[in-house]
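Input: a single structure, listed below in structure tokens.
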Amino acid sequence: MIRKILAASLLALLGNHAALADTWYVNVDTSALSGQSGWLDFQFNPADAFAPAASATIMSFSSTGLLQPMPTFSGDVSGSLDGTLTLGNSQDFNDWLQGVTFGTAISFRVDINEPIPNASGSGTAFSLSLYDSSYNSLLADPNWGASLVINASDTGMMNVLAQAPSVSLSASPVPEPDVAASLLAGLGLVGFAVRRRAA
Numbered sequence: 216m217i218r219k220i221l222a223a224s225l226l227a228l229l230g231n232h233a234a235l236a237d238t239w240y241v242n243v244d245t246s247a248l249s250g251q252s253g254w255l256d257f258q259f260n261p262a263d264a265f266a267p268a269a270s271a272t273i274m275s276f277s278s279t280g281l282l283q284p285m286p287t288f289s290g291d292v293s294g295s296l297d298g299t300l301t302l303g304n305s306q307d308f309n310d311w312l313q314g315v316t317f318g319t320a321i322s323f324r325v326d327i328n329e330p331i332p333n334a335s336g337s338g339t340a341f342s343l344s345l346y347d348s349s350y351n352s353l354l355a356d357p358n359w360g361a362s363l364v365i366n367a368s369d370t371g372m373m374n375v376l377a378q379a380p381s382v383s384l385s386a387s388p389v390p391e392p393d394v395a396a397s398l399l400a401g402l403g404l405v406g407f408a409v410r411r412r413a414a
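Residue numbers for the sequence shown follow the working numbering, beginning at 216 and rising by one.
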């Protein structure tokens, strides 16, 4: 009886917290643009109105160039590149546009936290685009017009749809903290019950 209760509790805990959380480390070689003025454009946009709530958090942003004051933003955006910048997907268009004088490199970490897509397969895409001062694409994947596009597929996996040659990317998926804690607690209870029964 206790085993059935523990198993049911563990399944309920895991079922209630289904989510994806991926950490991506992004490095962009901008040496070909060094000294040029332009724009960095971060977007996090849902495929449609059925996309589950999600967020992309950019942190540890570093550039050998110079960020210009007064970035512009639209939609579900908070924070700044100086600390933590968070883009949600509650609006159709969620965008952070930052003026920059390019140096030789840009790097940052982005944590994408997205529930597993629903039956419609709707997800949300994170993108990074670089533009010149006239908003012409720079260092872009020719098929997408962006330097980087990461999307959640209908299988619940994160996919890199576009990655320009100047962009190096490493990913290390991490479980949601509450899922990991629930799993450890459930396994601990199962282990305790087995040891108690053996004694």
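Beta carbons: idealized from backbone N, C-alpha and C, even for Gly.
Contacts around residue i, its chain only, beta-carbon distance under 8 angstroms, and the 5 residues preceding and following it disregarded
{"i": "A227", "result": "In this prediction, A227 scores a pLDDT of 36, lower than 50, which makes its location untrustworthy; the coordinate-derived value is nonetheless stated afterwards. Nothing meets the Cβ criterion."}
{"i": "A223", "result": "Caution applies to A223, whose pLDDT of 37 falls short of 50 and renders its modelled position unreliable; the value that the coordinates give is listed next. Here the set comprises nothing."}
{"i": "N358", "result": "A377"}
Beta-carbon proximity of residue i to residue j, cut-off 7 angstroms
{"i": "V292", "j": "N309", "result": "yes"}
{"i": "I321", "j": "T245", "result": "yes"}
{"i": "A355", "j": "S348", "result": "no"}
{"i": "G294", "j": "L302", "result": "no"}
{"i": "L384", "j": "V241", "result": "yes"}
{"i": "I327", "j": "A266", "result": "no"}
{"i": "E329", "j": "A377", "result": "no"}
Residue i burial status per 10 Å Cβ neighbour count (16 or more: buried)
{"i": "A264", "result": "exposed"}
{"i": "S381", "result": "buried"}
{"i": "S249", "result": "exposed"}
{"i": "S278", "result": "buried"}
{"i": "A379", "result": "buried"}
{"i": "L199", "result": "For the chain, the structure presents residues 216 to 414; residue 199 sits outside this window and is missing."}
{"i": "D297", "result": "exposed"}
Sequence-distant residues of the same chain with beta carbon closer than 6 angstroms to residue i, five excluded per side
{"i": "V375", "result": "I365"}
{"i": "M274", "result": "T299, R324"}
{"i": "A247", "result": "none"}
{"i": "G360", "result": "S352"}
Cβ neighbours of residue i in the same chain (closer than 7 angstroms, five flanking residues each side left out)
{"i": "G290", "result": "Q306, F308, N309, D310"}
{"i": "G253", "result": "V315, F317, L345, Y346, D347, S348, L353"}
{"i": "F276", "result": "L296, F323"}
In DSSP terms, what residue i is bridged to
{"i": "A377", "result": "V364"}
{"i": "T245", "result": "DSSP lists no partner for T245."}
{"i": "G303", "result": "S270"}
{"i": "S293", "result": "T301"}
{"i": "L343", "result": "F257, L363"}
{"i": "Q283", "result": "Answer by DSSP bridge pairing: none, since Q283 is not bridged."}
Answer yes if the stretch 316-324 comes into contact with the stretch 284-291, meaning at least three C-beta pairs across the two stretches below 8 angstroms, and no otherwise.
-> Segments in contact, no.
Answer yes if the stretch 335-351 comes into contact with the stretch 248-259, meaning at least three C-beta pairs across the two stretches below 8 angstroms, and no otherwise.
-> Verdict: yes, contact present.
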